[in-house]
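Engineer: For the sequence shown, this note's numbering assigns the number 744 to the initial residue and increments by one for each residue that follows.
All C-beta atoms, glycine included, are put in the ideal place defined by N, C-alpha and C.
Since we're looking at a predicted model, the values are computed, not measured.
Mind having a look at this structure? Questions to follow.
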Amino acid sequence: MKFYVKSVIDLGIRKNLPCFGPMATDSVFIGQLCPGCQKVFGAGDYVTLIALGPGNDRVEQKKAAAGVEYKAIAVEGHWQCITGEDPNG
Ligand SMILES: [Zn+2]
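Laid out in structure tokens, this is it:
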């Protein structure tokens, strides 16, 4: 998945992340592994996207290097695994 970011988020600081959920039963992510807990995503889960960087797209690499918004490759993780926050309060 790709989405636009202004910079890769610093490790250990998870601010202004989008929270998606609850995950629908027909989500394409159902059954994939969360990198945080190694459990599969299921319906009802809350997730977020972590930007990794511009990937191998030279145009997006140049934007990232210039510090402007670019399209980033990203991975999905459980909201609680990434932020530590319980999405249900
Ligand atoms: Zn997880």
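1. Compute the minimum distance between the beta carbon of Cys762 and the heavy atoms of ligand 1, and state whether it is under 6 Å.
2. Among the residues of its own chain, which have a CB less than 7 Å from the CB of Gly820, if the five just before and after it don't count?
3. Rounded to the nearest angstrom, how far is the Cβ of Ile825 from that of Gly796, given a contact under 8 Å?
4. Going by DSSP, which residues form a beta bridge with Leu776?
5. With a threshold of 7 Å between beta carbons, is Val771 in contact with chain B?
Structural biologist: Looking at the coordinates:
1. Position 19 of the sequence shown holds residue 762. No - ligand 1 has no heavy atom lying nearer than 6 Å to the Cβ of Cys762.
2. Walking along the sequence shown from the start, residue 820 turns up at place 77. Counting only Cβ-Cβ distances below 7 Å, and skipping sequence neighbours, we find Cys777, Pro778, Gly779, Val790, Thr791 and Ile793.
3. Walking along the sequence shown from the start, residue 825 turns up at place 82. Walking along the sequence shown from the start, residue 796 turns up at place 53. Their Cβ separation, rounded to whole angstroms, is 17 Å, which puts Ile825 and Gly796 out of contact at 8 Å.
4. Walking along the sequence shown from the start, residue 776 turns up at place 33. Partner residues in the beta bridge of Leu776, as assigned by DSSP, are Val783.
5. Any reference to chain B falls outside this structure, which holds one protein chain only.
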